[in-house]
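These protein sequence lines map, in sequence, to chains A and B. Residue numbering for the first sequence follows my numbering, starting at 1150 and increasing by one per position. Residue numbering for the second sequence follows my numbering, starting at 1150 and increasing by one per position. No residue lacks a Cβ here, since even glycine has one placed at the ideal position from N, Cα and C. Data block below; observations after.
There are 2 protein chains.
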Amino acid sequence: MNDLPLKPQTQSLTDALRREAAAAPESGIVEAMNYGRRREAVTPLWAGEGDLATPAFICEAATRSLAAGETFYTWQRGIPELREALARYHTMLYGRTFGPEEFYVTGSGMQAIQIVLAMVAGAGDEVLIPTPTWPNAAAAAGIAGARATEVPMSFGNDGWSLDLDRLAAAVTPNTRALFVVSPSNPTGWTATREDLLALLALARRHGLWTIADETYARFWYGDGARAPSFFDVMDAEDRVLFVNTFSKNWAMTGWRIGWIAAHPSLGQVIENMIQYSTSGVAAFMQRAAVAALERGESFVAHLIERARRGREISCGALAATGRVRFAQPQGAFYLFFSVDGETDTRRLVMRLIDEARAGLAPGTAFGAGGERFVRLCFARNAEQLQAAVDRVAGVISR
Amino acid sequence: MNDLPLKPQTQSLTDALRREAAAAPESGIVEAMNYGRRREAVTPLWAGEGDLATPAFICEAATRSLAAGETFYTWQRGIPELREALARYHTMLYGRTFGPEEFYVTGSGMQAIQIVLAMVAGAGDEVLIPTPTWPNAAAAAGIAGARATEVPMSFGNDGWSLDLDRLAAAVTPNTRALFVVSPSNPTGWTATREDLLALLALARRHGLWTIADETYARFWYGDGARAPSFFDVMDAEDRVLFVNTFSKNWAMTGWRIGWIAAHPSLGQVIENMIQYSTSGVAAFMQRAAVAALERGESFVAHLIERARRGREISCGALAATGRVRFAQPQGAFYLFFSVDGETDTRRLVMRLIDEARAGLAPGTAFGAGGERFVRLCFARNAEQLQAAVDRVAGVISR
């Protein structure tokens, strides 16, 4: 079309990008990490990551697979052995029978989120997200052209709570999905069975998809072996998509492997979404994941016990200052607290890096309602954690 | 909003999905593979993958990293060592100096494509793609809500050629990018320096981004050590984004690791796109990629030599039937040929699986202009390849 107006290339390259891509926010967590990396001897409590490397039995499964030449393209949905192991794991954890056709292996929990979001929401669509929450789902929705509608939870004397009326009021004709992280990163709030039933009813009423991020289900400090789950309350035909990761339970944050649990009728669509994003996960990674599921239970129990102790240590030290407010986390491995008189938590976090040599994440990174809080990851050995939170408490008490 | 119409959940789950996700096509290549997997002793020439496993020195770099506990979150843009190795590799191959800030590590070449597409095109936008070509970029664009406009290349006595007027005529006010694969998978067509200059001029004239997929640059049967490249003709400020992969040069198809080369001013945007899709690539994978770049040259030379021999074998055997038409591939490692009188290439491919025990991919998988062709990957040891193409020739000659 020679009669098109010629666009002179006077714009900068970034100005020529698609608006939604250029507008994607820098992670507020990474920003703090980048600031802290320049300081020496900072105890890193900013990321959602513990201090233990992946256990040897998991690494060795990958090594054996590599040595055996498993370096070719493999199943887009995941190797059959891993899908079967995921089915057995869920059967063990949720007390009903699961089949391998309900599971799809992804290149991280983050990718699981990206894929399920793309399955349900695009340009012009809205996704409801109770906040404060881990910011990446909202950012991924934004890149996809959808709008993440943040619905702040309330913080009061009973801790964090979900205001279902507020959530229902945020539904519009463009709302396609509800994104629920329970146990919550960063607040530790965990949906009760009644909460889950109410959320499911809301979703059913409006024909919404529910995206259930139950990554921290096993880091749970209430009754039973795990937190309440949408698996407990849903019917097979409900529009619920589960995203999960190997990162937290098995100390595999750096691996980038996760999974989707979904109705088998969605299998071909999910396979296509995998094909056109990363085209599957390395077979040798998947062998490691099989080892984690099949031989990892005592390690998971050890991590949970450590987190339980980390929760006591951090809640104890911070409460003793008399200057902080928080709800004791019911799940996950973060303490999300506010400090009396501190309104600029980005500045507070930098000060704690400089003066307490402890790296925290500012609440501003977690959406509406969390701005006056900071997040501390307590998945760390007791001695180091105690020293770090004592230093934090010291700075706060000054 | 209690006055919203209630949507009864009578739809099937797939009907409730976002249209663009549900409409993503099943890979026509995978369809053939799935058919062939049920047969015995089929020589697999359908995928873009050779028959050699990743060399031990590459695998061992990953193994050592794993054993050293490199299992934590790492740099979103890639570890500095790999970005530096990529800069040195490009400096060696393209004869000018590159810096590490021009490179970004991705979880496959496919993910590199998904990311750069999302950077430049979304809902309502158009991406021009000369076809026949590997179908995944068009499918990824479609999932993102953009429209892939296929512009068929011409096949004549001089082989495949790009019709620049036809390409220019396909530009509309919504066109945002031009996706160029050279050397081409599946045709083997390779842009000359003059083609590249003309494409760049077209892109400049209309303010388009060029996405350059030069994955097969080194599998090149013309003069010089590699195919002509956009690096040879562009200015630093041109809107060109390069996508590439470790899959082909270093026999790492199953690993899922690739890279983007782009202007450093785009660094933060690319980091954000990585953060909100897979949040980086495992450090131990990246160590393997460093080994590939730094110690892989003799292996790459070996693969290229094998492909050169494979090209002779397959062109020779097929030409001898007197019943096929093809352009001798100038680059990549595929023979893309039509068979006289055969119009249904999906059926032809199934027949070749059944009767010749050779797995090919149907041209229907590669977009407009390739429907009457089939693709044969000749990156395989000479003996097996000769036997397989002889069987294919036998069936075709009947």
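For Asp1152/B, the three-state DSSP class (helix, strand or coil): Locating residue 1152/B in the second sequence gives position 3, counting from the first residue. Residue confidence for Asp1152/B is low, a pLDDT of 43 falling below 50, so the modelled location carries little weight; the figure read from the coordinates is stated next. In the structure shown, Asp1152/B sits in coil (DSSP, three-state: anything other than H, G, I, E or B).
Residues of its chain near Ala1130/B, where Cβ-Cβ distance is below 6 Å and the 5 sequence neighbours each way are ignored: Nothing about residue 1130/B can be reported from this structure: the residues present for chain B run from 1150 to 1547 only.
From the beta carbon of Tyr1483/B, is the nearest beta carbon of chain A less than 7 Å away? Here residue 1483/B refers to the residue found at position 334 of the second sequence. Chain A has no Cβ within less than 7 Å of the Cβ of Tyr1483/B.
So which residues of chain A does Leu1166/B contact, with C-beta pairs closer than 8 Å? Counting from 1 along the second sequence, the entry for residue 1166/B is found at position 17. Correct list: Met1268, Val1269, Leu1415, Val1418.
Could you tell me the boundaries of the beta strand (DSSP E) in which Arg1524/A lies? Walking along the first sequence from the start, residue 1524/A turns up at place 375. Judged by DSSP secondary structure, Arg1524/A falls within the beta strand (DSSP E) whose first and last residues are 1522–1526.
Determine whether the beta carbon atoms of Ile1502/A and Gly1185/A lie at a separation below 7 Å. The count along the first sequence starts at 1 and reaches residue 1502/A at position 353. The count along the first sequence starts at 1 and reaches residue 1185/A at position 36. Between Ile1502/A and Gly1185/A, the CB-CB gap stays under 7 Å.
Measure how close the beta-carbons of Glu1250/B and Gly1416/B come, nearest whole angstrom, since I'm counting them as under 8 Å. The residue you call residue 1250/B lines up with position 101 of the second sequence. The residue you call residue 1416/B lines up with position 267 of the second sequence. Right, their Cβ atoms sit about 6 Å apart.
Residues that Val1430/A contacts on chain B, provided the C-beta gap is smaller than 7 Å: Translated into the one-based positions of the first sequence, residue 1430/A becomes position 281. Near Val1430/A (Cβ distances below 7 Å), the residues of chain B are Arg1405.
Can you tell me whether DSSP reads Asp1384/A as helix, strand or coil? Sequence index remark: in the first sequence, residue 1384/A carries index 235 (1-based). Asp1384/A: coil per DSSP, three-state reduction.
Outcome for Met1259/A when other beta-carbon atoms lying within 10 angstroms are tallied against a minimum of 16: As a working mapping, residue 1259/A is identified with position 110 in the first sequence. Buried, since its Cβ has 16 or more Cβ neighbours within 10 Å.
Chain A contact residues for Cys1208/B, given Cβ-Cβ distances below 8 Å: Here the question's residue 1208/B lines up with position 59 in the second sequence. Ordered by position in chain A, the residues that pass the 8 Å Cβ test against Cys1208/B are Leu1215, Ala1216, Thr1220.
Exposure label - Arg1168/A; buried when at least 16 CB within 10 Å: Here residue 1168/A corresponds to residue number 19 of the first sequence, with the count starting at 1. Exposed, since its Cβ has fewer than 16 Cβ neighbours within 10 Å.
If we count the other Cβ atoms within 10 Å of its Cβ and call it buried at 16 or more, is Lys1156/B buried or exposed? Within the second sequence, residue 1156/B is the residue found at index 7, counting from 1. Note on Lys1156/B: pLDDT 48, under 50, position unreliable in the model; the coordinate value appears next. Per the 10 Å Cβ criterion, exposed.
Chain A partners of Gly1294/B, CB-CB under 7 Å? One-based indexing of the second sequence puts residue 1294/B at position 145. Within 7 Å Cβ-Cβ: Gly1271, Ala1272, Gly1294.
Please classify Met1241/A: is it buried, with 16 or more other beta-carbons within 10 angstroms of its beta-carbon, or exposed? As a position in the first sequence, residue 1241/A is number 92, starting the count at 1. Exposed, because fewer than 16 other Cβ atoms sit within 10 Å of the Cβ of Met1241/A.
Enumerate in chain order the residues of its own chain whose CB-to-CB distance from Trp1408/B is below 7 Å, with the five nearest sequence positions on each side excluded. By one-based count along the second sequence, residue 1408/B stands at place 259. The beta carbon of Trp1408/B sits closer than 7 Å to those of Leu1235, Phe1252, Tyr1253, Val1254, Thr1255, Ala1261, Asn1393, all from its chain and outside the five residues before and after it, given in chain order.
Simplified DSSP assignment, three categories, for Ile1406/A: For this step, residue 1406/A is matched to residue 257 along the first sequence. In this structure, Ile1406/A counts as coil in the three-state DSSP scheme.
How many Å lie between Gly1371/B and Trp1338/B at the Cα? Locating residue 1371/B in the second sequence gives position 222, counting from the first residue. Locating residue 1338/B in the second sequence gives position 189, counting from the first residue. Distance between the alpha carbons of Gly1371/B and Trp1338/B is about 11 Å.
Report yes or no: do the region 1416–1427 of chain B and the region 1226–1234 of chain B share at least 3 C-beta pairs separated by less than 8 Å? When Cβ pairs closer than 8 Å are counted between the two stretches, the region 1416–1427 of chain B is seen to touch the region 1226–1234 of chain B, the count reaching three or more.
If contact is defined by three or more beta carbon pairs under 8 Å, each pair taking one atom from either stretch, is the region 1502–1516 of chain B in contact with the region 1277–1289 of chain B? Contact between the region 1277–1289 of chain B and the region 1502–1516 of chain B is present, with at least three C-beta pairs closer than 8 Å.
At which residues does the beta strand (DSSP E) containing Ser1331/A begin and terminate? For the purposes of this step, residue 1331/A is identified with residue 182 of the first sequence, where counting begins at 1. Per DSSP, Ser1331/A belongs to no beta strand (DSSP E) and is neither H nor E.
Select from the region 1169–1180 of chain A all residues with a C-beta closer than 9 Å to any C-beta belonging to chain B, and list them in chain order. Those residues of the region 1169–1180 of chain A that come within reach of chain B (Cβ to Cβ, closer than 9 Å) are Glu1169, Ala1170, Ala1171, Ala1173, Pro1174, Glu1175, Ser1176, Val1179.
Using a Cβ-Cβ distance under 7 Å, would His1412/B count as near chain A? Counted from its first residue, the second sequence places residue 1412/B at position 263. It does: the Cβ of His1412/B has a partner Cβ on chain A nearer than 7 Å.
In this structure, does DSSP put Ser1447/A in helix, strand or coil? What you label residue 1447/A is simply residue 298 of the first sequence in a count that begins at 1. Helix.
Quick check on the burial criterion: 16 or more other C-beta atoms within 10 angstroms. Buried or exposed for Ser1546/B? Reading the second sequence from its first residue, position 397 is the one you call residue 1546/B. So Ser1546/B ends up on the exposed side.
Which value, in whole angstroms, describes the spacing of the CA atoms of Ser1414/A and Asp1384/A? Within the first sequence, residue 1414/A is the residue found at index 265, counting from 1. Within the first sequence, residue 1384/A is the residue found at index 235, counting from 1. One C-alpha to the other measures close to 14 Å.
Alpha carbon to alpha carbon, how far is Arg1232/B from Tyr1238/B? Position 83 of the second sequence holds residue 1232/B. Position 89 of the second sequence holds residue 1238/B. When rounded, the distance between both Cα atoms is 10 Å.
Whole-number beta carbon distance between Trp1399/B and Val1449/B, since they are thought to touch under 8 Å: On the second sequence, position 300 is the one that residue 1449/B refers to. On the second sequence, position 250 is the one that residue 1399/B refers to. Yes, they are in contact, since the Cβ atoms of Val1449/B and Trp1399/B sit about 7 Å apart, within 8 Å.
Could you name the residues of the same chain whose beta carbon sits closer than 6 Å to that of Leu1390/A, not counting the 5 residues immediately before and after it, in chain order? The count along the first sequence starts at 1 and reaches residue 1390/A at position 241. Around Leu1390/A: Val1265, Ile1360, Ala1411.
Quick one: grab the DSSP three-state call for Glu1571/B. Since the first residue shown for chain B is 1150 and the last is 1547, residue 1571/B is missing from the structure and cannot be characterised.
If I measure Cβ to Cβ from Leu1351/A and keep anything under 8 Å in the same chain, skipping five residues before and after, which residues do I get? Stepping through the first sequence from its first residue, residue 1351/A is reached at position 202. Cβ-Cβ distances below 8 Å link Leu1351/A to Leu1313, Leu1316, Ala1317, Val1320, Leu1327, Leu1357 in the same chain, with the five nearest sequence neighbours on each side left out; the list follows chain order.
Ala1287/B versus Thr1494/B, Leu1467/B, Ser1176/B, Thr1341/B, residue with shortest Cα-Cα distance: Here residue 1287/B refers to the residue found at position 138 of the second sequence. The residue with the shortest Cα to Cα distance from Ala1287/B is Ser1176/B.
Rounding to the nearest angstrom, what Cα-Cα distance links Gly1480/B and Val1488/B in this structure? One-based indexing of the second sequence puts residue 1480/B at position 331. One-based indexing of the second sequence puts residue 1488/B at position 339. Within the model, the alpha-carbon separation for Gly1480/B versus Val1488/B is close to 21 Å.
Could you tell me the distance, in whole angstroms, from the CA atom of Thr1470/A to the CA atom of Ala1542/A? Along the first sequence, read from residue 1 onward, the residue named residue 1470/A stands at position 321. Along the first sequence, read from residue 1 onward, the residue named residue 1542/A stands at position 393. Between Thr1470/A and Ala1542/A, the alpha-carbon positions lie close to 6 Å from each other.
Tell me the DSSP secondary structure of Ile1278/B in three-state form. Residue 1278/B sits at position 129 when you count from the first residue of the second sequence. Three-state DSSP puts Ile1278/B in a strand.
Give me the Cβ distance between Ala1293/A and Gly1271/A, rounded to the nearest whole Å; I'm assuming they're in contact under 8 Å. Numbered from its first residue, the first sequence carries residue 1293/A at position 144. Numbered from its first residue, the first sequence carries residue 1271/A at position 122. Yes, they are in contact, since the Cβ atoms of Ala1293/A and Gly1271/A sit about 6 Å apart, within 8 Å.
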